[in-house]
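To start, the structure under review is shown below, and the notes come after it.
Numbering (our numbering), first residue to last: 6 to 677.
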């Protein structure tokens with residue numbers, strides 16, 4: 006090696022400006038590293054590696070900072086930063102450390118020439134833990150849903166169980182409880198007739214009981230050394246752990262809908278005969294811890310009052326027309342007291358006994374539980390039902406017809422087929438908003454047109470509820486920075502409404518507004534730094550160039566709509582999660598989600614997931630688009646344990662539509 010200086014340099018360098026160290030790599034006295042182990046969940050953190058020597062003064066290395074070259078089992082290599090201490094290095098955050106493995110660490114000065122044979126460092130996968138925030142007791146109190154923070158190696162558990170039992174699924178389901186849960190937990194669950202323990206997915210464990218759970222909270226205790234992470238080469242087993250899991254319905258804002266109550270039965274009854282009033286009640290947790298009561302008011306006889314009092318805990322009342330005076334109005338009240346909410350709700354029903362023989366009429370509706378708001382653009386179906394009391398004989402022709410006295414209602418007066426049908430369709434916008442009206446069902450026997458009975462359905466529709474609907478229910482989008490134009494439409498089909506659109510974009514990490522990626526261009530340095538400018542913000546279709554986004558980042562695209570003629574009318578902001586990766590990648594759209602292929606499932610913001618009734622058939626729609634062409638679409642899941650079934654429909658060379666099918670019985674409670 007030769008060193009020299011240019012002759013025309015007039016300033017003589019200081020003597021300590023340049024130092025040359027010479028050492029023999031074969032005599033380097035480094036014996037170990039510290040730490041020798043780390044965990045996969047630390048991959049997003051830097052890792053300090055310290056080299057250990059038996060002789061600090063004769064370690065064989067010059068006193069200069071060193072780096073490390075890391076070699077992973079998959080063949081990938083990375084170069085670390087310099088460490089804080091003289092003989093240490095700093096490993097950067099790395100996705101390669103998400104996999105458990107033995108990696109080799111070599112000290113180096115220049116990143117090319119390695120010093121010594123290197124050292125082994127073991128990366129282990131910690132055991133899954135119960136994710137308490139998303140675990141809960143189901144609304145019907147018959148299931149305990151235990152969610153874990155990572156995929157569980159279910160095959161290891163099942164193989165261990167099947168070594169000691171035949172292939173009877175019921176036996177396996179019960180032995181799963183014994184294998185995972187502590188004795189005290191099983192004893193507590195046995196009080197509610199423990200039925201089974203099954204895995205819905207690799208992250209969701211379902212405990213089923215036959216008797217509704219009465220307590221608000223249960224402590225689930227897991228045995229030690231039973232859980233390990235799926236797909237990891239070096240996985241640790243769990244220690245003994247527990248979690249307190251509470252009822253979903255304990256938290257008022259977690260009820261998926263408000264409790265509803267109604268009374269179904271005739272308003273006018275025949276002179277004679279037996280009929281019934283049916284109490285209808287619906288809540289997310291069913292009738293658990295709910296007390297019902299019937300009351301009657303009016304010119305009530307002692308016998309009638311006593312009869313209703315004796316039946317007050319039932320949801321049905323079987324009545325005889327002879328209990329009532331003719332042409333006298335009676336009022337029945339059906340109430341429900343919900344202990345979990347300390348709330349009482351009630352429904353009221355009027356009843357009159359007519360002085361002649363006539364059918365008993367009932368109107369059923371798609372909105373029977375009238376607590377459900379009806380909007381002016383809703384489609385409502387009324388169903389006619391009638392009963393001829395046994396006391397009326399001989400049988401005669403019964404005539405049914407619909408009527409209304411409200412001139413503001415769009416009623417098919419001249420369409421006899423619709424008027425005399427047993428089903429009446431109320432079309433959207435047929436009834437003005439904020440207007441109370443009634444639709445009446447009339448009936449008579451034979452030719453006694455003046456001896457009719459009737460049932461009335463009252464309606465007061467609310468103004469249209471504005472709802473932002475970006476991309477027709479699509480919830481997630483992934484694009485590349487070179488995927489071309491990203492187009493997100495707003496699908497709003499609201500008649501007679503002029504809407505104002507408000508698009509927004511925020512970075513999920515910083516919650517700051519999205520800024521334009523100036524590194525993507527050199528010709529537009531004077532443009533607005535905000536990605537969604539004022540001009541773009543109010544368009545009904547959002548069109549952005551994929552290169553405008555920062556790569557390897559996530560964004561929330563939001564849409565809110567306003568009524569242009571009513572400043573007080575606006576929708577909630579609906580969001581789409583946008584993932585941006587680097588390079589030329591297809592634009593992948595996931596959503597919407599449907600139950601049984603037709604009932605749209607909205608995204609639940611409380612749980613950041615889709616709430617699906619257990620056992621339902623689910624269809625998840627999606628599409629992939631790329632200007633240069635899409636070859637195929639494949640669905641995968643790291644947590645779903647069953648084979649996935651889907652269909653693809655090629656629209657053209659650039660676009661493929663797809664549907665994923667999840668059948669009832671393959672999963673439980675919720676899909677995420």
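Cβ coordinates follow ideal geometry from the N, Cα and C atoms, glycine included.
Q) Pick from 263, 137, 463: whose alpha carbon is nearest that of residue 355? A) Looking up residue 355 in the chain shown gives position 350. If we check each option's Cα against that of residue 355, 463 comes out closest.
Q) How would you call residue 72, buried or exposed, if buried means at least 16 neighbouring beta carbons within 10 angstroms? A) What you label residue 72 is simply residue 67 of the chain shown in a count that begins at 1. Buried is the call here.
Q | residue 592, DSSP secondary structure in three states | A | Counting from 1 along the chain shown, the entry for residue 592 is found at position 587. The answer is strand: DSSP assigns residue 592 an E or B state.
Q: Provide the residue span of the beta strand (DSSP E) that contains residue 337, from first to last.
A: What you label residue 337 is simply residue 332 of the chain shown in a count that begins at 1. Residues 334-343.
Q) Using the rule of at least 16 other Cβ atoms within 10 Å of the residue's Cβ for burial, across every protein chain shown, is residue 190 buried or exposed? A) The count along the chain shown starts at 1 and reaches residue 190 at position 185. Buried: at least 16 other Cβ atoms inside 10 Å.
(Q) I want to know whether the region 563-575 touches the region 449-467 - three or more CB-CB distances under 8 Å. (A) Three or more beta-carbon pairs separated by less than 8 Å are not found between the region 563-575 and the region 449-467, which leaves the two stretches without contact.
Q: Write down every uninterrupted run of the beta strand (DSSP E) in the region 508-553 whose length is 3 residues or greater and which is fully enclosed by it, in chain order.
A: Runs found: 546-550.
Q | Buried versus exposed, by CB contacts within 10 Å (16 or more), residue 449 | A | Here residue 449 refers to the residue found at position 444 of the chain shown. Counting C-beta atoms within 10 angstroms of its own C-beta, residue 449 has 16 or more neighbours from the protein chains shown and is therefore classed as buried.
Q. Between the C-alpha atoms of residue 76 and residue 96, what's the straight-line distance to the nearest angstrom?
A. The residue given as residue 76 occupies position 71 in the chain shown. The residue given as residue 96 occupies position 91 in the chain shown. Spanning the two alpha carbons is a distance of roughly 12 Å.
Q.
Determine whether the beta carbon atoms of residue 152 and residue 271 lie at a separation below 7 Å.
A. Locating residue 152 in the chain shown gives position 147, counting from the first residue. Locating residue 271 in the chain shown gives position 266, counting from the first residue. No.
Q. Helix, strand or coil for residue 129 per DSSP?
A. Residue mapping note: residue 129 aligns to position 124 of the chain shown, counting from 1. The answer is strand: DSSP assigns residue 129 an E or B state.
Q. If you check the beta carbons only, do residue 141 and residue 154 fall under 7 Å apart?
A. The residue given as residue 141 occupies position 136 in the chain shown. The residue given as residue 154 occupies position 149 in the chain shown. Taking the C-beta atoms as reference points, residue 154 is found no nearer than 7 Å to residue 141.
Q. Just how far apart, CA to CA, sit residue 665 and residue 426?
A. To locate residue 665, count along the chain shown from 1; it is residue 660. To locate residue 426, count along the chain shown from 1; it is residue 421. Going from the Cα of residue 665 to the Cα of residue 426 covers about 40 Å.
(Q) Let me confirm a value: residue 408 is counted as buried when at least 16 other C-beta atoms fall within 10 Å, else exposed. Which label applies? (A) Here the question's residue 408 lines up with position 403 in the chain shown. Around the Cβ of residue 408, a 10 Å sphere holds fewer than 16 other Cβ atoms; the residue is exposed.
Q. Are the region 575-582 and the region 472-489 in contact at 8 Å, needing three or more beta carbon pairs?
A. By the criterion of at least three beta-carbon pairs nearer than 8 Å, the region 575-582 is in contact with the region 472-489.
**Q.** Buried versus exposed, by CB contacts within 10 Å (16 or more), residue 457
**A.** Sequence index remark: in the chain shown, residue 457 carries index 452 (1-based). When all chains shown are included, residue 457 counts as buried.
Q. Based on the DSSP secondary-structure assignment, which residues constitute the bridge partners of residue 452?
A. Within the chain shown, residue 452 is the residue found at index 447, counting from 1. Paired residue(s): none; residue 452 is not in a bridge.
(Q) Short of 7 Å in beta carbon distance, which residues of its chain neighbour residue 238, apart from the five on each side in sequence? Order them along the chain. (A) Looking up residue 238 in the chain shown gives position 233. 105, 106.
Q: May I ask you to report which of helix, strand or coil DSSP gives residue 430?
A: Counting from one through the chain shown, the residue named residue 430 turns up at place 425. The answer is strand: DSSP assigns residue 430 an E or B state.
Q. Out of 505, 325, 559, 431, which has the shortest C-alpha to C-alpha gap to residue 513?
A. Along the chain shown, one-based indexing puts residue 513 at 508. Shortest Cα-Cα distance from residue 513 to any of 505, 325, 559, 431 involves 559.
Q) Is there contact here, the region 619-630 with the region 585-600, by at least three beta-carbon pairs under 8 Å? A) Short answer: they touch.
**Q.** Segment limits, alpha helix (DSSP H) that includes residue 466
**A.** Along the chain shown, one-based indexing puts residue 466 at 461. Looking at the DSSP string, residue 466 is not in any alpha helix (DSSP H), and its letter there is neither H nor E.
Q) Using the beta-carbon count (16 or more within 10 Å), is residue 396 buried or exposed? A) As a first step, residue 396 must be located in the chain shown, where it is residue number 391. With a threshold of 16 other beta carbon atoms within 10 Å, residue 396 falls short and is exposed.
Q: Kindly confirm or deny that the region 206-214 and the region 638-655 touch, where touching means at least three C-beta pairs closer than 8 Å.
A: Yes, the region 206-214 is in contact with the region 638-655.
Q. Residue 421 lies in the alpha helix (DSSP H); which residues open and close that run?
A. Against the chain shown, residue 421 aligns to sequence position 416. In the DSSP annotation of this structure, the continuous segment of the alpha helix (DSSP H) that includes residue 421 starts and ends at 421-424.
Q) With a cut-off of 8 Å, do at least 3 Cβ pairs link the region 296-304 to the region 340-347? A) Because the criterion of three Cβ pairs below 8 Å is met, the region 296-304 and the region 340-347 touch.
Q. On the three-state DSSP scale, how would you describe residue 137?
A. What you label residue 137 is simply residue 132 of the chain shown in a count that begins at 1. Residue state for residue 137 is assigned as helix, using DSSP reduced to three classes.
Q. Taking the C-alpha atoms as reference points, what is the distance between residue 659 and residue 492?
A. Residue 659 sits at position 654 when you count from the first residue of the chain shown. Residue 492 sits at position 487 when you count from the first residue of the chain shown. A straight line joining the alpha-carbon of residue 659 with that of residue 492 spans about 15 Å.
Q.
Along the chain, where does the alpha helix (DSSP H) containing residue 492 start, and where does it finish?
A. Translated into the one-based positions of the chain shown, residue 492 becomes position 487. Residue 492 -> not in any alpha helix (DSSP H); beta strand (DSSP E) instead, spanning 490-494.
(Q) Threshold first: 3 residues or longer. Then list the beta strand (DSSP E) segments lying entirely within the region 643-670, N to C. (A) Given a length threshold of 3 residues, each whole run of the beta strand (DSSP E) inside the region 643-670 is given here in chain order: 650-657, 660-667.
Q: Could you tell me the boundaries of the beta strand (DSSP E) in which residue 632 lies?
A: Residue 632 sits at position 627 when you count from the first residue of the chain shown. Premise fails: residue 632 is in no beta strand (DSSP E) and is neither H nor E.
(Q) Between the alpha carbons of residue 578 and residue 250, how many angstroms are there, rounded? (A) Position 573 of the chain shown holds residue 578. Position 245 of the chain shown holds residue 250. Distance between the alpha carbons of residue 578 and residue 250 is about 31 Å.
Q) Per DSSP, what kind of secondary structure is residue 297 in: helix, strand or coil? A) Stepping through the chain shown from its first residue, residue 297 is reached at position 292. The answer is strand: DSSP assigns residue 297 an E or B state.
Q. Using CA coordinates, which residue listed in 430, 348, 552 is at the minimum distance from residue 523?
A. Looking up residue 523 in the chain shown gives position 518. Checked all of 430, 348, 552; the closest Cα to residue 523 is 552.
Q: Verify whether the separation of the beta carbon atoms of residue 35 and residue 43 is less than 7 Å.
A: Stepping through the chain shown from its first residue, residue 35 is reached at position 30. Stepping through the chain shown from its first residue, residue 43 is reached at position 38. Not in contact: residue 35 and residue 43 (Cβ atoms no closer than 7 Å).
Q.
Given a cut-off of 7 Å on the beta-carbon distance, is the pair residue 148 and residue 201 in contact?
A. Looking up residue 148 in the chain shown gives position 143. Looking up residue 201 in the chain shown gives position 196. No, these two residues do not count as a Cβ contact at 7 Å.
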